[in-house]
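Q: In this note's numbering, the protein residues as written are 465 to 842.
A virtual CB, placed ideally from N, CA and C, is assigned to each residue, including glycine.
The structure that follows is given in the form of structure tokens.
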Amino acid sequence: MLRLAIIILALGLSSAAQADVKNYMDQMLREIYILKPYIVSEAEYKDPKNSAEIDESLKRMVSLSESISHEGKIRSTGFGISSDVLTQQLKESELVFRVGNKGYSLWMLRSTLSVCMSCHTQLPSASTRFDFSKKEHKLTKPFDEAEFLFIVRNFEKAMPLYQQVIAEYPKNAVTPENLKKAIARELYYYVRVKRDMPGLIKALDKNLKNKQLPTSAKTRLSGLKKAAQDKKGEGYPEFKEDQQAELKSYAESQLKNELAGDFDFSASKELDYLKTSSVLYKYLNDFPQTPLKPEILYWLSFCERRYEPTAFYSLPELYLKQCVLEHPQSEIAPACLKEYQDLVTLAYTGSSGVNIPDDVKKELQSLKKMIKTMKPKK
Ligand code: HEC
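Encoded structure:
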């Protein structure tokens, strides 16, 4: 009887926490509605007559984001990092707006929206029905409209727009960069959110009908299609809480080459990374207290676009840092630190050699010290 009561209590609590997250997200949605016309128009964003409305909305987003960061469920899963990044970016965007460099603030805010996407594409889920197109301020550019729909998780409406963007390239004057983004959004949606390889193949087939695409895009799309066909029958393994050994052996076999320092950038690998991270995020979300958490962070750092120089913020680095900060006594912590150090060194390597700023050096030192003072937990 007591056991039953505890189970009911536990269920009640977790769905209450979920309801809170949803409630915050609904409020975020409201802010995005308010900001949308300004986000797409630099002139409107900079116009002094809109200043008060924009700044108030940015402030509310900062405070919402702080509340979300404190949610237990968000803290303990793969969402924690993205949530902190969101708060940090929004704070900076608001501050810069107020101090006066509105162009920079807008650039920052736009990149911040990719943080929303990074959370929303971690777990399998259903599409929302939030729709901007019936409201005023409908955007004339399909790519922009698709991005807003994607941000609020209306994947079903966003996907046809991305396909249109790809189908009508280059006469729609979409930039090559946004063409790449449209393809990337398709991959994240079909492989992680919908877990639907046949759906991905269909989408890629449609994309490939456009003979005007640059050769590099065509090569990439057909490579992805072939890889998706090879994986069509594979399925996504699920692991129970007590199947830690199985999860570990799955991750280590998927990432065998990478763990040995050997990266290849094939289409097949790209899909594998998305699939493996999908399985890992789901496990961490289902069992946030798992002792495997530092290992999962370590593996995720290999799956998340590690060497993508255009990424605005680097999840791999943040995951590795979290592994050390939260679990300095774990067996994997020294490996996390080593990878982190390598990525940081690479980031600060230029034509004039390695130039690591003093703050970053200090941080590396303090992470090292944390590990040293902790006794390894066997
Ligand atoms: C830390 C991770 C995280 C970040 C960052 C994040 N979200 Fe969410 N969001 C979630 C989760 C988890 C859900 C699903 C909640 C549920 O329905 O259970 C969600 C759901 C939503 C929904 C759908 C809500 C509903 O009622 O179905 C909207 C809209 C949304 N988020 C907007 C945003 C916007 C806008 C941003 C960026 C400013 C953002 N989110 C950033 C985690 C995040």
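Looking at VAL549 and VAL526, is the spacing between their C-beta atoms short of 8 Å?
A: Translated into the one-based positions of the sequence shown, residue 526 becomes position 62. Translated into the one-based positions of the sequence shown, residue 549 becomes position 85. Taking 8 Å as the cut-off, the Cβ atoms of VAL526 and VAL549 do not count as close.
Q: In the structure shown, what three-state DSSP assignment does THR813 receive?
A: Numbered from its first residue, the sequence shown carries residue 813 at position 349. Here THR813 sits in strand by DSSP.
Q: What are the complete alpha helix (DSSP H) segments, minimum 4 residues, inside the segment 643-709?
A: 661-672, 679-695
Q: Going by DSSP, what residue range makes up the alpha helix (DSSP H) through LYS621?
A: Counting from 1 along the sequence shown, the entry for residue 621 is found at position 157. 619-631 is the span of the alpha helix (DSSP H), which, as asked, contains LYS621.
Q: Is there contact between the segment 559-566 and the segment 584-597, where contact requires at least three CB pairs shorter than 8 Å?
A: no
Q: By the three-class DSSP mapping on this structure, what secondary structure does VAL616 have?
A: In the sequence shown, the residue the question calls residue 616 occupies position 152. Three-state result, VAL616: coil.
Q: Taking DSSP as the reference, what is the three-state secondary structure of VAL504?
A: Within the sequence shown, residue 504 is the residue found at index 40, counting from 1. VAL504 falls in the coil class under three-state DSSP.
Q: Within 10 Å of its beta-carbon, does LEU468 have 16 or more other beta-carbons around it, so buried, or fewer, so exposed?
A: The sequence position of residue 468 within the sequence shown is 4, counting from 1. Confidence at LEU468 is low in this model, with a pLDDT of 47, below 50, so its placement is unreliable and no value can be given for it.
Q: In its own chain, which residues sit with a C-beta less than 7 Å from the C-beta of TRP763, not counting the 5 before and 5 after it?
A: Mapped onto the sequence shown, residue 763 falls at position 299. Closer than 7 Å at Cβ, skipping near neighbours: ALA715, LEU719, LEU744.
Q: Going by DSSP in three states, VAL818 sits in which element: helix, strand or coil?
A: Numbered from its first residue, the sequence shown carries residue 818 at position 354. If DSSP states are grouped into helix, strand and coil, VAL818 belongs with the strands.
Q: Is ILE760 near LEU801, with beta carbons less than 8 Å apart?
A: Here residue 760 is taken as the residue at index 296 of the sequence shown, counted from 1. Here residue 801 is taken as the residue at index 337 of the sequence shown, counted from 1. For ILE760 and LEU801, no; Cβs fall outside 8 Å.
Q: Determine the closest residue to PRO624 out of LEU779, ARG649, THR639, with distance taken between C-alpha atoms.
A: As a first step, residue 624 must be located in the sequence shown, where it is residue number 160. For the residues LEU779, ARG649, THR639, the minimum Cα distance to PRO624 belongs to ARG649.
Q: List the endpoints of the continuous alpha helix (DSSP H) containing ILE545.
A: What you label residue 545 is simply residue 81 of the sequence shown in a count that begins at 1. Looking at the DSSP string, the run of the alpha helix (DSSP H) that includes ILE545 is 543-563.
Q: Hey, quick one: how far does the alpha helix (DSSP H) through ARG574 stretch, first residue to last?
A: In the sequence shown, counting from the first residue as 1, residue 574 sits at position 110. It spans 566-584 - the alpha helix (DSSP H) in which ARG574 sits, taken as one unbroken run.
Q: Give a single yes or no on whether LYS486 has its beta carbon closer than 7 Å to a heavy atom of the ligand HEC.
A: Position 22 of the sequence shown, counted from the first residue, corresponds to residue 486. The answer is yes for LYS486.
Q: Does the Cβ of PRO606 have 16 or more other Cβ atoms within 10 Å, making it buried, or fewer, making it exposed?
A: Here residue 606 corresponds to residue number 142 of the sequence shown, with the count starting at 1. Counting Cβ neighbours within 10 Å, PRO606 comes out buried, since at least 16 surround it.
Q: Using a threshold of 7 Å, is the CB atom of ILE615 nearer than that to any non-hydrogen atom of the ligand HEC?
A: Stepping through the sequence shown from its first residue, residue 615 is reached at position 151. Yes, the Cβ of ILE615 comes within 7 Å of a heavy atom of the ligand HEC.
Q: Quick one: measure Cβ to Cβ for LYS500 and PHE612, integer angstroms, because I've assumed they're closer than 8 Å.
A: Position 36 of the sequence shown, counted from the first residue, corresponds to residue 500. Position 148 of the sequence shown, counted from the first residue, corresponds to residue 612. Between PHE612 and LYS500 the Cβ distance is about 6 Å, and since that is below 8 Å, they are a contact.
Q: How long is the line joining the alpha carbons of CYS787 and GLU768, rounded to whole angstroms?
A: Working through the sequence shown from its first residue, we reach residue 787 at position 323. Working through the sequence shown from its first residue, we reach residue 768 at position 304. Their Cα atoms are separated by approximately 15 Å.
Q: Out of HIS791, SER575, SER765, PRO792, state which residue places its alpha-carbon closest to the alpha-carbon of LEU782.
A: The sequence position of residue 782 within the sequence shown is 318, counting from 1. Of the candidates HIS791, SER575, SER765, PRO792, the one whose C-alpha sits nearest the C-alpha of LEU782 is SER765.
Q: Give me the Cβ distance between LEU668 and LEU685, rounded to the nearest whole Å; I'm assuming they're in contact under 8 Å.
A: Position 204 of the sequence shown, counted from the first residue, corresponds to residue 668. Position 221 of the sequence shown, counted from the first residue, corresponds to residue 685. About 5 Å separates the two Cβ atoms, so the contact holds.
Q: Could you tell me if the beta carbon of SER778 falls within a distance shorter than 7 Å of some heavy atom in the ligand HEC?
A: The residue given as residue 778 occupies position 314 in the sequence shown. SER778: no, Cβ never under 7 Å from the ligand HEC.
Q: Spatial neighbours of LEU756 within its chain, please: C-beta separation below 6 Å, excluding the five flanking residues on both sides.
A: Within the sequence shown, the letter at position 292 stands for residue 756. Same-chain partners within the cutoff: GLN708.
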